[in-house]
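In our numbering, the protein residues as written are 8 to 311.
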């Protein structure tokens, strides 16, 4: 369209002044169009980064809440009646052959969660996604080792079968065995540390085994993350150090054994920030070229 307009102008024998006026208009439109395109690219890039990070974090998010959630669930009554009782016990019968232990533990915990999920979220200062992801972790841990697709389908059927938990289907994700093992160890790290925190706030506590165990797991994954950085997993390692350092300031026992943890080296921030810097630089260059080009044409126009 721009080239067509120029062609018409030339063939219509317009004056130089009118051609320049059209050129300014065309150039402004072209530059603004390019500028708009780059702004849109920048916005899409931001959205991409957010989606990218959320995908990386999905499996490993809220693990620090799992021990607290599990503790609160165990405190809830399981002598419930009505729909939750019927659906939990009924579903247990349908998957009994897929469970590691064919006892009442599944239906008991199912009833506790289904009946008291609102209180559990409130008591743990948590959220629906955190509880749902704990349920995913708990459910996979009860199943025999089979095809991950079969396990995923069983979890999907569970959310369909227990109506009060159907919203958790939004947070359902297939978990491979190695991924589950990682989540389990991170869960154990936080559980051991929570036990230690409670004990270490009391004077005279001489048992520091919980501290030793959680630091051992931390160092294991610290080494792994320094070799291969998996964002969601390694963010748990990074955040654990912050929590550890905060408690180190107020601990009353085992203080001498709370050594400074090594810091995780991470390069992901640089990888993410680099495109942002480049996009910002390109944007400013476009603005500069736009202004220079506009002023140059106007100067030529004014000399005529």
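Quick reminder that beta carbons are idealized off the backbone N, C-alpha and C, glycines included. All of these numbers come straight from a predicted model, not from anything done at the bench.
Note on geometry: alpha-carbon atoms of residue 123 and residue 132 lie some 14 Å from one another. Rounded to whole angstroms, residue 171 and residue 107 show a C-alpha spacing of 25 Å. For residue 112 against residue 151, the beta-carbon gap comes to about 15 Å, at or over 8 Å, which does not count as contact. Taking the Cα positions, residue 116 is about 35 Å away from residue 261. Assigned with DSSP and collapsed to three states, residue 150 falls in strand. A direct Cα-Cα distance of roughly 12 Å separates residue 154 from residue 147.
Excluding the 5 residues flanking it on each side, residue 220 has same chain C-beta neighbours closer than 6 Å at 199, in chain order. Residue 73 is a Cβ neighbour of residue 141, given a cutoff of 8 Å. Taking the Cα positions, residue 265 is about 8 Å away from residue 218. Counting other Cβ atoms within 10 Å of its Cβ, residue 84 stays below 16 and is therefore classed as exposed. In this structure, residue 241 and residue 271 form a Cβ contact; the two beta carbons are roughly 6 Å apart against a cut-off of 8 Å. In the displayed model, residue 106 falls within a strand according to three-state DSSP. Non-local C-beta neighbours of residue 138 in its own chain, meaning closer than 7 Å and more than five positions away in sequence, comprise 76, 124, 127 and 128, ordered along the chain. Residue environment analysis places residue 189 among the buried positions, since at least 16 neighbouring C-beta atoms fall within 10 angstroms of its C-beta. Fully contained in the stretch 193-224 is no alpha helix (DSSP H) run of length 4 or more. Cβ contact annotation for residue 96 (same chain, cutoff 6 Å, sequence separation greater than five): 114, in chain order. If you compare the alpha carbons of 174, 168 and 99 with that of residue 134, the shortest gap goes to 174. Within 10 angstroms of the beta-carbon of residue 182 lie 16 or more other beta-carbons, which makes it buried. The three-state secondary structure of residue 161, taken from DSSP, is helix.
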